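Quick mapping for you: the protein sequence lines, in order, are chains R and W. Residue numbers for the first sequence follow numbering that gives the first Met the number 0, beginning at 0 and rising by one. Residue numbers for the second sequence follow numbering that gives the first Met the number 0, beginning at 0 and rising by one. We put the CB at the ideal spot given by N, CA and C, even for glycine. Quick caveat: nothing in here was measured; it's all calculated off a predicted structure.
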Amino acid sequence: MKDELFDFDNQTAELMLFIAGELPSPKQQEMRARLERDANLRQKLKQLQDLQQQSFDAMQKLDETEVSPTRDRTASQLAQKAVSQWTVRRLMAPPLQSRTGRQIPWSRYAVSAAAAIILAGMIWPLYFSRQHGPDMTPIPTHILSYEEKRTLLEDKTLMLDDTAMNDKGSDLQFAASIVQKDDSDSNPQPTQQ
Amino acid sequence: METSRTPHRVDPVEQPDETLARKLQQGDAQAGHWLIERHSVNLLRYLQRLVQREYLADELHQQTWLSVLEHIDRFDANSGPGTFKSWVYRIATNKAHDLWRSRGRERTAHEGLRLVTDQLVPHAGNSLEAAESVDKLRAAIDRLPDAQKQVLTLRYYSNLKFSEIAEMVGCPLNTALGRMHKAMIRLKELMSEAPAASESREP
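Structural data, given as C-alpha cells:
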C-alpha cells in the first residue's frame, strides 16, 4: 500500500481533489459510491488525509514557534501606512486619476471630427487652386538659354537691380552683355568717316 | 480538515475581498486597511517560507502591497470570488521569483552558511528538545524543492483552490496536485530522516 501512496496517478489526483472538496459534484458523488464499494480506495483516502494533516500540522507548529505578534503588527502597520499615503496622493492628483480612467466623453470625438472636416474643407480649395491655377513657378533665370535671355531682356520683364546683380543677377548681367555684343556684331553701326 | 489550519483573524467587516477592492479603487482607504488586516499575516508567513529570511519576507511583503496599490485600477473586481486573494498571492510569488533571480548566488551562499550554522548552534527555545524539533521541521520545509514548496505553502497559507494555484503557478492542474503530493511525502521523509541524520553528526 505504501507504494500506491507514493505513486501519483489520476486516482490520487481525484482523491486529493475529493479531500479538498474541489471535485465537480457528479464526480464527487461517483467517488463516494466507489469509496463505499472499494476498501483499498478507502484506505488510500485515509492515508492521503493523514499525510496532508501531518504536513499542515508541521507547518502550523513551525508558525506557532516563529510567531512574533510585534513583527506581524509592524508589517501590517507599514502596509496600512502605505495605503494611507497612497490614498492621499491619489486624492491630490485628480488629473492622474482621470488619465488612468481613460474615460473621454463621446461628444469630444464628434467635435474633434467636425473640426478636422472643417479644417480639411478650408485647406483643400487652396491646394486645389494651386494644382489647377496659373503657373506660379519662378522663372529659372540662371539656366536660361541665349534665346530665352534675349526674349526676357527685350520684353523688359526682368528687372535687374543692384541686389539681383549680386547673386543670380550676375548670370543675367553676363547674358545682357552677350546680347548687346551680339546686337552690335549683327548690326554694326556705320562708322562715320 | 481546514478548520485545523492557521487561525485567521476575524474580519470586522463581512464583505468579500472583491467588494473591498472595488472600494479601494474608488479611493476608500479603510477598505485597503481591511484587506491588509485580512491577508497580511498569512501573506507574510507565506513569503517567509519562500525566502526563508524574515527581513526579506518583510521587504517583499511591503513591496507586494505597494504593487497592489499601484495596479489596483487594473484589477477586475467583477471577475468572481477569490480573485483578489489569488491576485495578491500571484504578485507576492512574482516578487519572490524576482528576488530569487536577482540574488541567486547570494541565496546559495546563505543556504550553505545556514546549513553549517544550524548544525553548530542550537536554536534558542524553551527546551532543547523542542528547539531541535522545530529546527528539523524548518530544515525539512526549507529543503523541499522550490516548485513543491511553493504549491504546499500556497495551499496552506492562501487556502486557494488547486485549480487557482495551478493557474497562478502556470502549470496544469495535475502537475500542481503532483507537486503537492510529492511535497507532502518528501516532508514526511525528511522529518523522519532528520533524527537519524542529526544523531550521525554527533561525535
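Three-state secondary structure (DSSP) at residue i?
i: R:D37; result: coil
i: W:L114; result: Because W:L114 sits at a pLDDT of 46, beneath the cut-off of 50, its placement in the model cannot be relied upon, and the following sentence gives the value as read from the coordinates. It is helical.
i: R:E21; result: coil
i: W:R185; result: helix
i: W:A138; result: helix
i: R:P68; result: helix
i: W:A76; result: coil
i: R:Q46; result: helix
i: W:M190; result: helix
i: W:A20; result: helix
i: W:H180; result: helix
i: R:F7; result: coil
i: W:D27; result: coil
i: W:R52; result: coil
i: R:K60; result: helix
i: W:G124; result: Because W:G124 sits at a pLDDT of 46, beneath the cut-off of 50, its placement in the model cannot be relied upon, and the point is left open.
i: W:P15; result: coil
i: W:G169; result: coil
i: R:L14; result: helix
i: W:N41; result: helix
i: R:A92; result: coil
i: W:K160; result: coil
i: R:M164; result: Annotation note: pLDDT 49 at R:M164 (below 50); position unreliable, no value reported.
i: R:G120; result: helix
i: W:H70; result: coil
i: R:I103; result: coil
i: R:S144; result: coil
i: R:L152; result: helix
i: W:L46; result: helix
i: W:L34; result: helix
i: W:L143; result: coil
Could you name the residues of chain W that residue i contacts, counting a contact when the two beta carbons are closer than 7 Å?
i: R:V82; result: A28, G31, H32, I35, L68
i: R:R89; result: G26
i: R:W85; result: L68
Applying a beta-carbon distance threshold of less than 8 Å, which residues of chain R neighbour residue i?
i: W:K187; result: L50, Q53, S54
i: W:M167; result: The premise fails here: W:M167 is roughly 15 Å from chain R at the closest Cβ pair, so nothing lies under 8 Å.
i: W:K160; result: A19, E21
Which chain R residues sit within Cβ distance under 9 Å of residue i?
i: W:Q61; result: A74, L77, A78, A81
i: W:D57; result: R70, T73, A74, L77
i: W:S39; result: D71, A74, S75, A78, Q79
Using a cut-off of 8 Å between C-beta atoms, extract the partners of residue i located in chain W.
i: R:F7; result: L176, G177, H180, K181
i: R:A57; result: L136, A139, I140, L186, M190
Name the chain R residues that come within less than 7 Å of residue i, Cβ to Cβ?
i: W:R44; result: D62
i: W:Y155; result: F55, M58
i: W:L151; result: S54
Give the interface partners of residue i over in chain W, defined as CB-CB distance under 9 Å, in chain order.
i: R:E36; result: The residue asked about is misnamed: residue 36 of chain R is Arg in this sequence, not Glu. By Cβ distance, chain W contributes nothing, its closest Cβ being about 23 Å from R:R36, past 9 Å.
Check whether the stretch 72-88 of chain W and the stretch 17-24 of chain W touch, using three or more Cβ-Cβ pairs below 8 Å as the test. yes
When Cβ atoms are compared, which residues of the stretch 65-96 of chain W fall closer than 7 Å to chain R? L65, L68, D72
Taking only beta carbons into account, state which residues of the stretch 170-184 of chain W come closer than 9 Å to chain R, listed in chain order. L172, N173, L176, G177, M179, H180, K181, A182, M183, I184
For the stretch 128-141 of chain W, enumerate the residues whose C-beta is nearer than 9 Å to any C-beta of chain R, in chain order. A129, A130, S132, V133, L136, R137, A139, I140
Say whether the stretch 73-80 of chain R touches the stretch 34-50 of chain W, bearing in mind that this needs 3 or more beta-carbon pairs closer than 8 Å, one atom from each stretch. yes
Taking any Cβ of chain W, which residues in the stretch 12-29 of chain R have a Cβ under 8 Å from it, in chain order? A12, M15, L16, I18, A19, E21
The stretch 127-143 of chain W / the stretch 160-169 of chain W touching (three or more Cβ pairs under 8 Å): no
Touching by the beta-carbon criterion (3+ pairs, under 8 Å), the stretch 22-31 of chain W and the stretch 82-95 of chain W: no
The stretch 18-25 of chain R in contact with the stretch 148-164 of chain W per 3-pair CB rule at 8 Å: yes
Could you tell me whether the stretch 36-46 of chain R touches the stretch 8-19 of chain R, where touching means 3 or more Cβ pairs closer than 8 Å? yes
Measuring CB atoms only, is the stretch 178-193 of chain W touching the stretch 62-70 of chain W, in the sense that at least three cross pairs come out at less than 8 Å? no
Decide yes or no for the touch test of the stretch 48-56 of chain W against the stretch 92-101 of chain W: beta carbon pairs closer than 8 Å, at least 3 of them. yes
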